[in-house]
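Chains as they are written, first to last, in this note's numbering: chain A, 1 to 252; chain B, 1001 to 1252; chain C, 2001 to 2252; chain D, 3001 to 3252. Glycine included, each C-beta is placed from N, C-alpha and C at the ideal position. Only one structure is covered here, and it is reproduced in the block below.
There are 4 protein chains.
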Amino acid sequence: MDHDGKRTPLRVTVWGENVHERRDDSVRAIYPDGMHAAIAAGLEELLGDRVRVRIATLQEPEHGLTQDVLDDTDVLTWWGHAAHGEVQDAVVDRVQAAVLGGMGLLVLHSGHESKLFQRLLGTSCSLRWRNDGERELVWTVDPAHPIAAGVPHPIVIEAQEMYGEQFDIPAPDQLVFISSFAGGEVFRGGCSFFRGAGRIFYFSPGDQEYPVYFHPDVRRVLANAALWASPVAPERGAALASEQSPRDWFAR
Amino acid sequence: MDHDGKRTPLRVTVWGENVHERRDDSVRAIYPDGMHAAIAAGLEELLGDRVRVRIATLQEPEHGLTQDVLDDTDVLTWWGHAAHGEVQDAVVDRVQAAVLGGMGLLVLHSGHESKLFQRLLGTSCSLRWRNDGERELVWTVDPAHPIAAGVPHPIVIEAQEMYGEQFDIPAPDQLVFISSFAGGEVFRGGCSFFRGAGRIFYFSPGDQEYPVYFHPDVRRVLANAALWASPVAPERGAALASEQSPRDWFAR
Amino acid sequence: MDHDGKRTPLRVTVWGENVHERRDDSVRAIYPDGMHAAIAAGLEELLGDRVRVRIATLQEPEHGLTQDVLDDTDVLTWWGHAAHGEVQDAVVDRVQAAVLGGMGLLVLHSGHESKLFQRLLGTSCSLRWRNDGERELVWTVDPAHPIAAGVPHPIVIEAQEMYGEQFDIPAPDQLVFISSFAGGEVFRGGCSFFRGAGRIFYFSPGDQEYPVYFHPDVRRVLANAALWASPVAPERGAALASEQSPRDWFAR
Amino acid sequence: MDHDGKRTPLRVTVWGENVHERRDDSVRAIYPDGMHAAIAAGLEELLGDRVRVRIATLQEPEHGLTQDVLDDTDVLTWWGHAAHGEVQDAVVDRVQAAVLGGMGLLVLHSGHESKLFQRLLGTSCSLRWRNDGERELVWTVDPAHPIAAGVPHPIVIEAQEMYGEQFDIPAPDQLVFISSFAGGEVFRGGCSFFRGAGRIFYFSPGDQEYPVYFHPDVRRVLANAALWASPVAPERGAALASEQSPRDWFAR
């Protein structure tokens, strides 16, 4: 247990849809071992023995996200795009319950339209997009937030897909980063949501056509976010259920 | 059209589960025409010709909430308790889409555990409860909020079911009222959420065993909330969908 | 009184620092009658007989903001830049009290570093800037907000001073607009704050070197903001003061 | 340096007004060494060698809060009541700047009407009160917040001054605790505010007439809050100042 009440090593499960990497030559050229491998490597590079990373993918039974795996996970990262519809509802239910019970969740890039993110936020999570390989600048608007520690202002990503407003999300509980693109659009690309006992962070850079998950500043954001999203240990449990309480129950 | 861009008359649909009123003598004694009738009468009493109220109930085809009805509704009120599970998922989908498109929604009392509210908020919406007929005091914490206009501080409700923290909701966008109960519990019983283009207000007083919807201050809150939740006209539409946008699309 | 509880006509006082207009030829060429005159004309153009506009300037006794004037004002707009330090503390005190008591306040452009705005927010309100006449795009992130009604997405302002993050403000209660600039910076340029019974809206476009207050979309934002910021009538009063309350005071 | 980027040991300065303790027999009987001594002892009891506590009081030169002391402080706690007006404005300026630069601040009980808290929040911070020695229940509404870790739900404080709504503060960035009192009032008694790079936590229990700072759960809250409010090290600095930025400054 760490001084701040968080588990050491942090148990991270990197979930990858793993479709583009197997189907598209352009993606395989960048991520020969899959995007999930690059995400996992970044966490290990920056967190070392503070983290223990496991990988799970869509193609595994139950998408690799059995109850046992979730029970052994402090923070789950989620990258999906081409196959949102193939994710089983029962797995979405299970992951949602784990988040409400305290598991941290990092939703990455096109994960914005995953069933899981829509389920947790209640909105369409739709946005404006254009994949022209434009420069993205990621500006920190909350410099004292732990997720922004050690991150340059701005992060410069030479080529990325444009994601623009309006982004149909509830007002974030914390807005950490805002991106701009060469074409002029802006996007609330780094924002946190507290749901139940769980901490959720959405981070928009990371299209499959660009080597974004090798970018050192993006890796820093993800490492910071994993630490931030991990639960304070005693709080991890099931989602709350309503409970009848006799008068003066607390005085006993 | 009103000066503030809102439709006059406001088209309100009062949705009632209508189970307790038909099954429980104690409830029928208080609400012989159903709780929905009392809620509707309160809106008409206070808003007069500024409002046009329609009633829909669980037992009607599609629970009375066809697409046509929703398209003709500015604000929907929702009271349910005994039969949350009987509400069809397709109707929940449709109402959620209407809210994201701009329809206002007032969720009342035990509606906190409706599929609809859980869907829009993403959490369990569970709470602590005790039905002992205790005095509830409803304290205004945001006195300049339009929903609190003309409301005494506190509202005194002589007998009510206790609803207590922890209430498993996202942090509200606006916290308007906090209740306390004779037994000492507190509850965030009046809070607003913005989701998509829709405004949602949850108001906790209103158990079926007490004549809460005849209470003049509760009626005032509901009338204020209906006005507040109604959409600014041009914004009413479908939920957003992601959209590809060529470079400089806005400059044309 | 309007249907929404707001006063008709709305009484707006447009406060202008009125220094650049008298000293700088470039500014006088754009705003021969002062920036305040253009701001006032925009409100009158769009709101017609729903508004009654008065002008006050730094050079008047008590800067034109006597208690009588404030008592007769529903919404105050504030543009200052070159002479923040000349504003008397007693006037700042008085305006702050009026806002806490329910008067609306629109803080414009360089007013971000006024004593008044710093006083109400508690932070430095500092930012990054560059005056190169760049294109500013004003993106709506909260399309259902009344201040965004009828506003194009984005507003295109051909030439403006750049204001960029980090903007040292508390997290806004509502974030309505985010700007981007040709140089790539972003800025939370349209945001609201609730303080006491008062509504505050900050809107960043409006440097003295450009004809921004003649831009039809900027005028629309200011007209919408004036309506939004005006108090619901019964709430207008003095700032709150602590009050001793005997037990059961509310039950009497 | 701790794993979470926070300094070990944490440097806490406990500031005490130290007036009641010297003037009122009733207070001296409870707090013979001053309230500040009990607050300091609680932090040391729970945090041990993770904390280094220093005490400063109103009566010292510069109230014990020289620039050197602030530069050597990670978190400042503030208890004042009888002598708010005697605190020098220059010291308030200095402490405000330190908070905006990243120093944590815990404002305790009657500190709600200190110049410092009013300065940082911008509102009157007034409230309703009654000193009748009533039972206070402190309910956790955000159970996953680090400040609530290990805190019972509710905390029971047998005798305390009543603080009730309306509490004239901006909407907190995080609402952690809500209190109720035997007389029925409620109060947002545990809430956080982010201002500049600083974290502020207000906690209401702690009237001088009751031994609240010996209560083990209150001590737990204060220890948790001190850890939470301490700055992530690299962020500690001066308050931000506006800065001119040439085009492409970030690309160099």
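- Taking a Cβ-Cβ cut-off of 8 Å, the neighbours of GLU113 of chain A in chain B comprise SER1242, given in sequence order.
- In chain order, THR77, TRP78, TRP79, PHE203, GLY206 place their CB closer than 7 Å to the CB of LEU108 of chain A, counting only its own chain and leaving out the 5 sequence neighbours on each side.
- Straight through space, the alpha carbons of ARG130 of chain A and ALA144 of chain A are spaced by roughly 31 Å.
- About 17 Å separates the beta carbons of HIS3036 of chain D and THR3066 of chain D, which is beyond the 8 Å limit, so they are not a contact pair.
- Residues of the region 192-219 of chain A with a C-beta less than 8 Å from any C-beta of chain B: PHE193, PHE194, ARG195, GLY196, listed in chain order.
- With 16 or more other Cβ atoms from the protein chains shown falling within 10 Å of its own Cβ, SER1124 of chain B counts as buried.
- Contacts with chain D at 8 Å (Cβ-Cβ) do not include VAL221 of chain A.
- For PRO172 of chain A, there are no neighbours in chain D by C-beta distance under 7 Å, as the nearest C-beta there is about 12 Å away.
- As DSSP reads the structure, ARG1052 of chain B sits in a beta bridge with B:ARG1011.
- SER110 of chain A counts as buried, since no fewer than 16 other beta carbons sit within 10 angstroms of its beta carbon.
- For SER1245 of chain B, the nearest CB of chain A lies under 8 Å from its own CB, placing it at the interface with that chain.
- Residue environment analysis places ARG22 of chain A among the exposed positions, since fewer than 16 neighbouring C-beta atoms fall within 10 angstroms of its C-beta.
- Within the region 2125-2150 of chain C, SER2126, LEU2127, ARG2128, TRP2129, ARG2130, ASP2132 place their CB atoms closer than 7 Å to a CB of chain D, listed in sequence order.
- In this structure GLN3160 of chain D is buried. Its beta-carbon is surrounded by 16 or more other beta-carbon atoms within 10 angstroms.
- Per DSSP, VAL2141 of chain C is not a residue of any alpha helix (DSSP H), being assigned neither H nor E.
- For the C-beta of PHE250 of chain A, the chain D residues within less than 9 Å are, from N- to C-terminus, LEU3137, PRO3152, HIS3153, PRO3154, VAL3156.
- With a cut-off of 8 Å on Cβ pairs, the region 1171-1191 of chain B is in contact with the region 1137-1151 of chain B, counting three or more such pairs.
- In summary, ASP71 of chain A is exposed, with fewer than 16 beta-carbon neighbours lying within 10 Å of its beta-carbon over all protein chains present.
- Not a single CB atom of chain A sits nearer than 8 Å to the CB of ARG1022 of chain B.
- Under the three-pair Cβ rule at 8 Å, the region 2090-2100 of chain C does not count as touching the region 2023-2031 of chain C.
- In this structure, GLU1243 of chain B lies away from ALA1182 of chain B, with their beta-carbon atoms at least 8 Å apart.
- For GLN3160 of chain D, the nearest beta carbon of chain B is not closer than 8 Å to its own beta carbon.
- Of the residues assessed, ALA38 of chain A falls on the buried side of the cut-off, its CB having 16 or more other CB atoms within 10 angstroms.
- For the region 2076-2089 of chain C, the beta-carbon criterion of a distance under 9 Å to any beta-carbon of chain D is satisfied by none of its residues.
- Chain order gives the chain A residues near GLY3005 of chain D as PRO146, ALA149, where near means a beta carbon separation below 8 Å.
- Leaving aside the five residues that flank LEU1175 of chain B on each side, the residues in its chain whose CB is nearer than 7 Å to its CB run, in chain order, VAL1141, ASP1142, ARG1188, CYS1191.
- Among the residues facing chain D, GLN1166 of chain B is included, as its CB has a counterpart in that chain under 8 Å away.
- At a cut-off of 8 Å between C-beta atoms, GLY104 of chain A does not count as an interface residue with respect to chain B.
- A distance below 8 Å separates the beta carbons of ASP1074 of chain B and ARG1011 of chain B.
- In this structure, GLY34 of chain A keeps its C-beta atom at 8 Å or more from the C-beta atom of TYR213 of chain A.
- Membership of GLN160 of chain A in the beta strand (DSSP E) is indicated by the continuous run 155-164.
- Only buried fits GLU3165 of chain D, as 16 or more other CB atoms lie within 10 angstroms of its CB.
- For the C-beta of VAL3232 of chain D, the chain A residues within less than 8 Å are, from N- to C-terminus, ALA144, PRO146, ALA149.
- Interface with chain C (8 Å Cβ-Cβ cutoff): GLY122 of chain A is excluded.
- Not one beta carbon of chain A lies nearer than 8 Å to the beta carbon of ARG1011 of chain B.
- Taking CB atoms only, LEU3100 of chain D has a neighbour in chain C less than 8 Å away.
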